[in-house]
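There are 2 protein chains.
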Amino acid sequence: MITCSVFVATSLDGFIARSDGSLDWLDRANLSVSPGEDCGFAKFFSTVDTLIMGRKTFEQVLSFGEWAYGTTPVVVLSRTRSTKGWGSALPPTVEFSSEPPRDLYARLATEGRNHLYIDGGQAVQSFLAAGLIDEVILTVIPILLGTGRALFGPLPRDLEMTHVETHVYEFGFVQHKYRCLNHFSEPHPR
Amino acid sequence: MITCSVFVATSLDGFIARSDGSLDWLDRANLSVSPGEDCGFAKFFSTVDTLIMGRKTFEQVLSFGEWAYGTTPVVVLSRTRSTKGWGSALPPTVEFSSEPPRDLYARLATEGRNHLYIDGGQAVQSFLAAGLIDEVILTVIPILLGTGRALFGPLPRDLEMTHVETHVYEFGFVQHKYRCLNHFSEPHPR
Numbered sequence: 006m007i008t009c010s011v012f013v014a015t016s017l018d019g020f021i022a023r024s025d026g027s028l029d030w031l032d033r034a035n036l037s038v039s040p041g042e043d044c045g046f047a048k049f050f051s052t053v054d055t056l057i058m059g060r061k062t063f064e065q066v067l068s069f070g071e072w073a074y075g076t077t078p079v080v081v082l083s084r085t086r087s088t089k090g091w092g093s094a095l096p097p098t099v100e101f102s103s104e105p106p107r108d109l110y111a112r113l114a115t116e117g118r119n120h121l122y123i124d125g126g127q128a129v130q131s132f133l134a135a136g137l138i139d140e141v142i143l144t145v146i147p148i149l150l151g152t153g154r155a156l157f158g159p160l161p162r163d164l165e166m167t168h169v170e171t172h173v174y175e176f177g178f179v180q181h182k183y184r185c186l187n188h189f190s191e192p193h194p195r
Numbered sequence: 006m007i008t009c010s011v012f013v014a015t016s017l018d019g020f021i022a023r024s025d026g027s028l029d030w031l032d033r034a035n036l037s038v039s040p041g042e043d044c045g046f047a048k049f050f051s052t053v054d055t056l057i058m059g060r061k062t063f064e065q066v067l068s069f070g071e072w073a074y075g076t077t078p079v080v081v082l083s084r085t086r087s088t089k090g091w092g093s094a095l096p097p098t099v100e101f102s103s104e105p106p107r108d109l110y111a112r113l114a115t116e117g118r119n120h121l122y123i124d125g126g127q128a129v130q131s132f133l134a135a136g137l138i139d140e141v142i143l144t145v146i147p148i149l150l151g152t153g154r155a156l157f158g159p160l161p162r163d164l165e166m167t168h169v170e171t172h173v174y175e176f177g178f179v180q181h182k183y184r185c186l187n188h189f190s191e192p193h194p195r
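What follows is the structure, given as structure tokens:
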């Protein structure tokens with residue numbers, strides 16, 4: 006049984022980035038974070054065996070220069086699957102996939118993956134809409150941006166959640182963990 | 006000095022109602038709430054001397070049948086200011102106003118009001134955009150709706166907040182209080 010997790014920071018009004026992808030507001034907020042504090046990310050990431058992200062997020066991650074994901078396999082969702090143009094910048098752990106979320110999920114299940122980490126707005130939205138997300142770990146930054154790239158998007162129907170825990174950091178970030186209660190019909194491969 | 010507060014429930018994805026105004030999801034969530042628990046609303050409301058809401062919210066409040074706001078003055082934001090058609094349904098404590106948020110705020114200040122409670126998406130958005138909100142008390146319901154009427158909207162620039170407190174209810178609601186840090190230039194009447 007695969008667990009599908011989201012671990013992401015948003016503004017109080019639900020944006021993960023400005024409209025142009027900029028994270029300046031998050032970088033500024035991070036200046037207030039205690040040294041060495043990663044809000045549980047390293048611990049979370051150590052339990053992940055596959056990271057799935059959209060192409061926009063991937064391009065942004067590459068632009069950071071340093072590859073942050075070690076040897077963990079990364080699947081980049083991309084309609085074209087073309088790796089042309091990436092050249093030597095492409096880490097060997099990265100594969101491109103044009104599979105719809107359920108097909109990708111099913112394939113990774115047969116490959117024995119156990120814990121998928123879904124990152125980036127479009128990837129999260131498509132996996133939520135497909136009823137594949139098991140838990141959402143949300144770190145809320147105390148700022149309103151007004152506009153930007155939304156974490157959540159349209160859904161085929163309501164998705165009920167269970168609140169698991171909330172942690173308040175002394176620097177004003179608030180981290181919540183929710184479990185998704187009612188997966189949509191047949192999200193899991195049989 | 007006036008304090009301007011927002012006290013509102015939203016879905017985890019930031020909606021205060023479905024697109025048609027429906028609150029069925031909130032009513033259903035409220036079934037899980039312990040009897041007598043109002044998540045601090047009565048205590049909060051006892052400190053309010055003026056309630057400001059948009060016309061949509063007002064129409065919804067009227068549709069509930071019972072008037073929930075006692076003798077507290079209510080200002081309904083409405084371009085037309087016409088009370089025609091309301092007839093005897095209009096409580097005597099209600100006034101209509103077409104004043105822009107800053108003008109209304111300035112007038113209420115000169116009238117000696119101390120604590121404004123801003124309710125409804127459009128009213129909250131216009132007061133936030135005008136830099137008039139001091140605190141936001143947000144009760145997050147553990148559900149994703151996907152679409153609906155958003156609490157937050159566009160802003161002229163970032164609005165930094167300070168996290169004040171978070172309370173987790175055993176039925177899964179999570180209530181946050183944030184203060185607005187950087188009001189926009191000259192939001193207050195001089």
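Sequence lines, in order, name chains C and X. Residue numbers for the first sequence follow our numbering, so the first one is 6 and each next one is one higher. Residue numbers for the second sequence follow our numbering, so the first one is 6 and each next one is one higher. Every residue, glycine too, gets a C-beta built ideally from N, C-alpha and C.
Rounded to the nearest angstrom, the gap between the Cα atoms of F157/X and V129/X is 7 angstroms. Around the CB of S10/X, 16 or more other CB atoms lie within 10 Å, so the residue is classed as buried.
It is roughly 20 angstroms from the alpha-carbon of V13/X to the alpha-carbon of D163/C.
Put simply, the CB of W72/X is far from chain C, with every gap to its CB atoms at 8 angstroms or more. Between L56/X and Y122/X, the CB-CB gap stays under 8 angstroms.
One Cα belongs to T77/C, the other to G125/C, and the distance between them is close to 17 angstroms.
Assignment of T144/C by DSSP, reduced to helix, strand and coil, places it in the strand class. Under a 10 Å Cβ-count criterion, T62/X is classified as buried, with 16 or more other Cβ atoms of the shown protein chains found around its own Cβ.
Using beta-carbon distances, L31/X does not count as an interface residue toward chain C, since no partner is under 8 angstroms. Under the DSSP assignment, E165/X falls in the beta strand (DSSP E) whose first and last residues are 164-173. Here DSSP, grouped into helix, strand and coil, assigns L160/C to coil.
Contact note: Y183/C reaches chain X through L17, P147, using a C-beta cutoff of 8 angstroms and chain order.
When the beta-carbon positions are compared, G151/X and P159/C come within less than 8 angstroms of each other. When the beta-carbon positions are compared, V99/C and V79/C come within less than 8 angstroms of each other.
If the five residues before and after A22/C are omitted, its C-beta is found closer than 7 angstroms to the C-beta atoms of L28, G153, R154, all from its own chain and listed in chain order.
Under DSSP, the beta-bridge partners assigned to Q180/X are T144/X, H172/X. By the Cβ test, the segment 29-49 of chain C is not in contact with the segment 167-181 of chain X, since fewer than three Cβ pairs between them sit closer than 8 angstroms. Around the beta carbon of S51/C, a 10 Å sphere encloses fewer than 16 other beta carbons of the protein chains shown; the residue is thus reported as exposed. Looking from the CA of K48/X, the closest CA among P161/X, I142/X, E165/X, H168/X belongs to I142/X. Chain order gives the chain X residues near G177/C as T167, H168, where near means a beta carbon separation below 7 angstroms. Check the Cα spacing between S83/C and each of S68/C, Q127/C, D43/C: the tightest is with Q127/C. The beta-carbon distance between L149/X and L133/C, rounded to whole angstroms, is 7 angstroms. This is short enough to meet the 8 angstroms contact definition. For T171/C, the closest C-alpha among the options V81/C, S16/C, V145/C is that of V145/C.
Scanning the segment 29-84 of chain C for uninterrupted beta strand (DSSP E) segments of 3 residues or longer gives 55-59, 79-82, listed from N- to C-terminal end. In the DSSP assignment, D124/X falls within the beta strand (DSSP E) that extends over 120-124.
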